[in-house]
Amino acid sequence: MPHTLDPELRRAVATRIRYYNEMGIYDFYRQPVSEAASVASGAAVVAEPQSESREEMSPRKAAAVAAPPAIHGDENVFEVFAAKPEQRVSDPVKALKIIREDLGDCTRCMLHKQGRKQIVFGVGNPEAELMFVGEGPGADEDEQGEPFVGRAGQLLNNMIKAMGITREQVYIANIVKCRPPGNRTPEREECETCSPFLMRQIAVIKPKVIVALGATAAKTLLAMNSSMAQLRGRFYDFKPTGVRSNEPDWQGCKLAVTYHPAFLLRDPRQKGEAWKDLQMVMKELGLKAPKTNT
Ligand code: SF4
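Mapping to our numbering: the sequence shown position 4 is 14, numbers consecutive.
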């Protein structure tokens, strides 16, 4: 049974959220509707400043609750009113800058004190039709402050070139923005803490297609715990959780899953499979491979 919120209560909650927005507070812990009701009556405070470690609802949990609580139609009051500061600007370059400033010298998860040299925010065309999302920075990326610049990055560049486009035309980011020590897989909690910023980047860029590179990216974005074999080979409808685009008509994008370039370096036999995934993406975007592709 979908939850319904009394229209008067909904208005009260919306007013309270707007009040916090005006004070520069944009992130909220989500609570069951019954608890939200007590917020509206002033009995509890749900907003926390952005410097808190629990920045906002994790994508996995958000995915679990975003759809069912239909409130006054199909809208979720928190999705509707918890506007982010970047939504006030239409220029995507400025909007991304606001997100970067909001991230600051981030200490929200343990990765900030495990040897990172710098935060690797993301790079590329802020109006890209195609976005690649990897797992996290490696040593080269940590050194240079840019995602996918090491050996895996060179392979990604070749993959992009084979699609008939350039690295400058796409946007590239990772699930976590700080290098996990020893290039270990980021912990789920680290992914959940960091990925809301990626969701905001996606909402600004509004790509037509996202390619999730590897299992960590795919599982975090899709909130699914399936194997790569199950995840690949199809498109998913994707909308970033916990944030709305500043373009209300944007209905989200397609998401495809393929192997991480670092995995392809370890097992080059899978390059053909990855190429199949990219061809599916090319078809969706109307791209044609140059005759000299590998
Ligand atoms: S990985 Fe993300 S959440 Fe964790 S410290 Fe770095 S920027 Fe902050």
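For each residue, glycine too, the CB sits at the ideal point set by N, CA and C.
- Pairing A222 with L232 gives a Cβ-Cβ distance under 9 Å.
- With a cut-off of 8 Å on Cβ pairs, the region 156-167 is in contact with the region 182-198, counting three or more such pairs.
- Beta-bridge partners assigned by DSSP to G144: N184.
- If only uninterrupted beta strand (DSSP E) runs of at least 3 residues are considered, those enclosed by the region 172-227 are 181-184 and 219-223.
- For a cut-off of 8 Å, the C-beta gap from Y181 to G132 is around 6 Å, short enough to register as a contact.
- In the three-state DSSP reduction, L113 falls in the helix class (H, G or I).
- Proximity of the beta carbon of K187 to ligand 1 is indicated: a heavy atom of the ligand is located closer than 8 Å.
- DSSP places V291 in the uninterrupted alpha helix (DSSP H) bounded by K281 to L295.
- Each residue's CA atom was taken as its position, placing F207 and T195 some 19 Å apart.
- In the structure shown, G163 falls within a helical segment according to DSSP collapsed to helix, strand and coil.
- Listed as beta-bridge partners of F248 by DSSP are C263.
- Here A272 has A162 as same chain residues with Cβ atoms under 7 Å from its own Cβ, once five neighbours each way along the sequence are excluded.
- Exclusion of H270 from the 8 Å shell around ligand 1 follows from its C-beta lying no nearer than that to any non-hydrogen atom of the ligand.
- One Cα belongs to M234, the other to W260, and the distance between them is close to 23 Å.
- In the three-state reduction of the DSSP assignment, V133 falls in the strand class, which pools E and B.
- The region 119-131 and the region 163-178 do not touch, with fewer than three beta-carbon pairs separated by less than 8 Å.
- A straight-line Cα-Cα distance of about 7 Å links P102 and I215.
- Between ligand 1 and the CB of T117, the shortest heavy atom gap is smaller than 8 Å.
- Between E283 and the set K123, F245, V267 and G296, the nearest pair of CA atoms involves V267.
- DSSP places F273 in the uninterrupted alpha helix (DSSP H) bounded by P271 to R276.
- Remark: the C-beta of T203 is in contact range of ligand 1, defined as less than 8 Å to any heavy atom.
- Checking the DSSP bridge columns, you'll see T230 has no partner listed.
- Closest in C-alpha terms to V291, from the list S236, C116 and E139, comes E139.
- If you draw a straight line from the Cα of P258 to the Cα of L265, it is about 20 Å long.
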